[in-house]
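Report on the structure given below.
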Amino acid sequence: MSDMLLAGRFRLRSLLGSGGTAAVFAAEDTRTGETIALKLLHPHLAEDPARWDAFFEEVHAARAVDHENIARVLDAGVADDGTTVVWIAMELAQGVTLADHVQQNGPLEPSRARVIADRVLAALTAAHAQSVVHRDVTPANIMIAPDASGADLGRSVTLLDFGLADVPGRSTVGADALLSGAEGAAEGVVASVAYASPEQLRGAAVTEASDLYQVGAVLFFMLTARAPYAGDAAEIARAHLAAPPPLPSARRRGVPRALDRVVATAMLKDPADRYPDAERMRQALAAVASSAVPEVSEEPTGPTRHYRTVVPASSGTTVAGDALPAAQPGSAAVRGRWPLWIAAAAACVCAVAVIVVSAAAGSAPSAAPSRPAPTAVALATPEPTTTETVAPPPATVLVPRLAGLTLIDATHVLEMAGLRLGDLVRVDAPAAADVVLGADPAEGSAPEIGSPVSLRVATGNNAVPSVAGMTLVDAQAAVVAAGFQPITEYSGRGAAGLALAIWPAAGDLVPFGSVVTLVAARSEPSPTPVPTPTPTLSASASPTAIPPVP
2 MSDMLLAGRF RLRSLLGSGG TAAVFAAEDT RTGETIALKL LHPHLAEDPA
52 RWDAFFEEVH AARAVDHENI ARVLDAGVAD DGTTVVWIAM ELAQGVTLAD
102 HVQQNGPLEP SRARVIADRV LAALTAAHAQ SVVHRDVTPA NIMIAPDASG
152 ADLGRSVTLL DFGLADVPGR STVGADALLS GAEGAAEGVV ASVAYASPEQ
202 LRGAAVTEAS DLYQVGAVLF FMLTARAPYA GDAAEIARAH LAAPPPLPSA
252 RRRGVPRALD RVVATAMLKD PADRYPDAER MRQALAAVAS SAVPEVSEEP
302 TGPTRHYRTV VPASSGTTVA GDALPAAQPG SAAVRGRWPL WIAAAAACVC
352 AVAVIVVSAA AGSAPSAAPS RPAPTAVALA TPEPTTTETV APPPATVLVP
402 RLAGLTLIDA THVLEMAGLR LGDLVRVDAP AAADVVLGAD PAEGSAPEIG
452 SPVSLRVATG NNAVPSVAGM TLVDAQAAVV AAGFQPITEY SGRGAAGLAL
502 AIWPAAGDLV PFGSVVTLVA ARSEPSPTPV PTPTPTLSAS ASPTAIPPVP
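For what it's worth, our numbering labels the leading residue of the sequence shown as 2, then goes sequentially.
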């Protein structure tokens with residue numbers, strides 16, 4: 002980073018959000034002068050080039066789609082200014098996330114929810130046309146301008162985060178390079194559990210219909226301020242796999258029954274039973290806006306309640322009857338509930354039916370009005386069949402990489418993955434306090450959704466290593482490996498270049514990052530050797546006699 006600029010061009014302004022793999026900042030691009038959203042791969046993930054390609058999948062997916070309700074990708078790259086930084090520059094969407102807005106202000110009016118859902122579907126229509134399935138349509142990935150209305154509200158809707166986008170027909174099972182980080186890791190499901198389609202949680206093929214399921218779940222959230230199913234992650238996953246589609250009107254009075262139909266159709270368990278495509282679902286929403294069917298109408302005989310419920314067309318059973326006037330004071334009828342004769346018939350046939358009760362117009366006598374008798378309905382009893390209940394396969398999720406994260410961040414990443422925090426084991430290690438050292442099950446494992454994951458976290462202390470007798474180079478390396486900063490003090494006698502002692506003493510527990518002193522022998526000059534005198538011959542010495550040769 003030079004002159005406080007990231008990658009030589011971006012000046013960070015504020016943190017917009019953070020997830021398990023990346024953080025998003027508002028930043029100034031000094032080359033263009035624009036304020037952009039800068040998505041940065043977390044530093045511990047940026048160390049591995051194998052993860053860069055997975056991170057840049059979002060770039061390829063978003064660039065393939067050009068639509069006003071999809072945030073544009075401006076640029077991407079890798080910078081190495083001493084620390085590797087992997088980044089994606091995107092158009093900065095104005096406003097707040099749909100998740101934050103609803104949590105702070107409550108459910109939306111049906112008309113506003115329809116506009117937002119329509120624009121999300123329009124964006125998905127463009128994505129699907131380019132063979133891109135989003136796979137992560139959630140309230141946290143939709144931005145809106147909370148004060149806008151009408152066409153302005155529609156233009157403000159922005160679909161974010163194509164990080165999980167893929168071609169249609171692939172499953173969500175895989176050792177994701179970002180969420181697991183383990184080469185050859187065991188397979189698991191990659192999904193946002195609260196809004197995941199059944200096929201995602203089963204690890205089956207994910208198609209355009211999977212995105213429509215998620216739009217139906219988001220529409221339910223907008224209308225009720227609740228996710229479709231409640232409970233822990235495992236309970237939510239089982240509900241997505243087996244429970245009937247939830248109806249917004251059951252949670253909030255005043256939601257049009259026609260919107261119940263849209264949500265229910267989008268969230269049917271079999272993808273083939275949902276809307277054929279995003280455009281057809283948009284048409285269904287448009288029909289809701291033009292519908293003029295009242296929920297309660299005033300008749301001469303009193304207010305008449307209309308009952309409607311919707312099931313797949315494949316059920317093939319339709320039941321029709323006359324209007325059922327609301328109960329008058331003192332009547333045995335219960336206002337707003339199924340008449341007992343219909344409930345009994347439905348229970349006998351064990352079939353899902355569409356029940357339409359039409360209003361019976363007409364004037365009643367001036368005397369005490371008599372209640373019209375309900376029209377008899379003939380129901381065909383199906384042949385008895387033997388059914389076997391097969392439990393859905395357990396939904397699993399990949400344990401993400403947690404080592405190196407703080408305990409708070411690791412807990413957040415676990416929740417995002419559909420897991421929960423288990424036992425904590427604190428260990429003395431060369432790491433700062435509350436940094437995660439490992440997990441059980443290990444990263445790359447695939448436990449059931451909702452399973453606990455135990456963590457080993459650092460206490461913030463570590464034992465001083467024993468270095469006596471080591472060379473200074475090896476002693477310094479051992480101190481650094483233990484998480485301390487070595488300094489050397491020369492004192493005492495001994496062999497040059499060797500460590501004599503360490504302070505604090507070996508085995509003492511010392512806070513991570515502390516300064517540790519190595520004691521080494523003081524280097525002394527070697528004594529100058531005294532030359533040995535060389536003998537010389539004296540001039541007066543007698544010559545050595547040489548014996549004669551015989």
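Every residue, glycine too, gets a C-beta built ideally from N, C-alpha and C.
Cβ-Cβ separation, residue j to residue i (assumed contact under 8 Å), whole Å
i: Trp53; j: Val87; result: 6 Å
i: Ala90; j: Asp30; result: 7 Å
i: His68; j: Ala127; result: 4 Å
i: Ser492; j: Val474; result: Not a contact, Cβ separation roughly 19 Å.
i: Leu510; j: Asp429; result: 6 Å
i: His102; j: Ile145; result: 6 Å
i: Val454; j: Leu408; result: Contact doesn't hold; Cβ gap of about 12 Å is too wide.
i: His129; j: Ala279; result: 6 Å
i: Arg457; j: Gly439; result: 5 Å
i: Ala80; j: Leu7; result: 7 Å
i: Ala434; j: Ala459; result: 6 Å
Neighbourhood of residue i by C-beta, 7 Å cutoff - its chain only, sequence neighbours within 5 removed
i: Lys270; result: Pro199
i: Thr237; result: In the sequence on display, residue 237 carries Ile and not Thr. Closer than 7 Å at the Cβ level, and outside the excluded window around Ile237, lie Val194, Ala195 and Tyr230.
i: Leu16; result: Ala24 and Phe26
i: Ala114; result: Leu220, Met223 and Leu224
i: Val66; result: Ala127, Ala128, Gln131 and Val133
i: Ala100; result: Pro140 and Ala141
i: Leu93; result: Ala27, Thr36, Ile37 and Ala38
Span of the beta strand (DSSP E), counted from its first residue to its last, around residue i
i: Ala100; result: No beta strand (DSSP E) contains Ala100, which is instead part of the alpha helix (DSSP H) from Leu99 to Asn106.
i: Thr489; result: Gln486 to Tyr491
i: Glu274; result: Note that residue 274 corresponds to Asp in the displayed sequence, not to Glu. First-last for Asp274: undefined, no H or E at that position.
i: Pro512; result: Leu510 to Pro512
i: Gly424; result: Note on residue identity: the sequence assigns Asp, not Gly, to residue 424. Note, Asp424: beta strand (DSSP E), Arg421 to Val428.
i: Met91; result: Thr85 to Met91
i: Gly151; result: Run containing Gly151: none in the beta strand (DSSP E); it sits in the alpha helix (DSSP H), Gly151 to Ser157.
i: Ile143; result: Ile143 to Ile145
i: Val436; result: Looking at the DSSP string, Val436 is not in any beta strand (DSSP E), and its letter there is neither H nor E.
i: Thr407; result: It is not in any beta strand (DSSP E) - Thr407 carries neither H nor E in the DSSP assignment.
i: Pro453; result: Pro453 to Ala459
i: Ala518; result: What sits at residue 518 in the sequence shown is Thr, not Ala. Start and end: Val516 to Ala521.
i: Ala496; result: Segment: none, Ala496 is in no beta strand (DSSP E) and carries neither H nor E.
i: Leu260; result: Here Leu260 belongs to no beta strand (DSSP E); instead the alpha helix (DSSP H) covers Arg258 to Ala267.
i: Ala80; result: Val74 to Asp81
i: Ile71; result: From DSSP, Ile71 is part of no beta strand (DSSP E); its letter is neither H nor E.
i: Ala464; result: Asn462 to Ala464
Start and end residues, alpha helix (DSSP H) containing residue i
i: Gly217; result: Glu209 to Thr225
i: Glu200; result: Pro199 to Arg203
i: Pro44; result: Pro44 to Ala47
i: Leu473; result: Leu473 to Ala482
i: Ile616; result: No statement about residue 616 is possible, as the shown extent of the chain runs from 2 to 551 and does not include it.
i: Phe555; result: Any question about residue 555 goes unanswered here, given that the chain covers just 2 to 551.
i: Ile117; result: Pro111 to Ala130
i: Ala51; result: Ala51 to Phe56
i: Asp447; result: For clarity, residue 447 is Ala in the given sequence; the question names Asp instead. Note, Ala447: premise wrong, no alpha helix (DSSP H); not H, not E.
i: Ala251; result: Pro249 to Arg252
Own chain residues within Cβ distance below 8 Å of residue i, not counting five before or after
i: Ala285; result: Arg262, Val263, Thr266 and Tyr276
i: Ala369; result: Low per-residue confidence applies at Ala369: pLDDT is 35, beneath 50, and the placement is therefore not dependable enough to give any value.
i: Gln477; result: Pro487, Thr489 and Leu519
i: Ala379; result: Reliability fails at Ala379, whose pLDDT of 34 lies under 50, so the model's placement of it is uncertain and the value that follows must be treated cautiously. Nothing meets the Cβ criterion.
i: Glu110; result: none
i: Ala151; result: Note that residue 151 corresponds to Gly in the displayed sequence, not to Ala. So the qualifying residues of the chain are Val116.
i: Ala283; result: Correcting the residue type first, residue 283 is Arg in the shown sequence and not Ala. Same-chain partners within the cutoff: Asp119, Leu122, Ala123 and Thr126.
Neighbourhood of residue i by C-beta distance below 6 Å, restricted to the same chain and skipping five residues each side
i: Ala235; result: Ile450 and Gly451
i: Thr85; result: Ala47
i: Gly423; result: Pro453, Val454 and Ser455
i: Met268; result: Tyr214, Gly217 and Pro246
i: Thr33; result: none
Residue i: CB within 7 Å of a non-hydrogen atom of the ligand FMN
i: Ala130; result: Questions concerning the ligand FMN fall outside what the structure shown contains, since it holds no ligand whatsoever.
Margin query: Within 8 Å, do at least three Cβ pairs link the stretch 135-153 to the stretch 203-220?
Written below: Verdict: yes, contact present.
Notebook entry, point to check: Any chance the stretch 462-475 sits against the stretch 497-508, with 3 or more Cβ pairs inside 8 Å?
Noted result: Result yes; three or more Cβ-Cβ pairs closer than 8 Å.
Note to self: When you compare the stretch 477-491 with the stretch 441-449, are there three or more beta-carbon pairs, one atom per stretch, that lie closer than 8 Å?
What the structure shows: Per the Cβ contact rule, the stretch 477-491 is not in contact with the stretch 441-449 (fewer than 3 Cβ pairs under 8 Å).
Check: Does the stretch 217-235 come close enough to the stretch 106-121 to have 3 or more Cβ pairs within less than 8 Å?
Finding: In the pairwise beta carbon analysis, the stretch 217-235 is classified as touching the stretch 106-121: at least three pairs are separated by under 8 Å.
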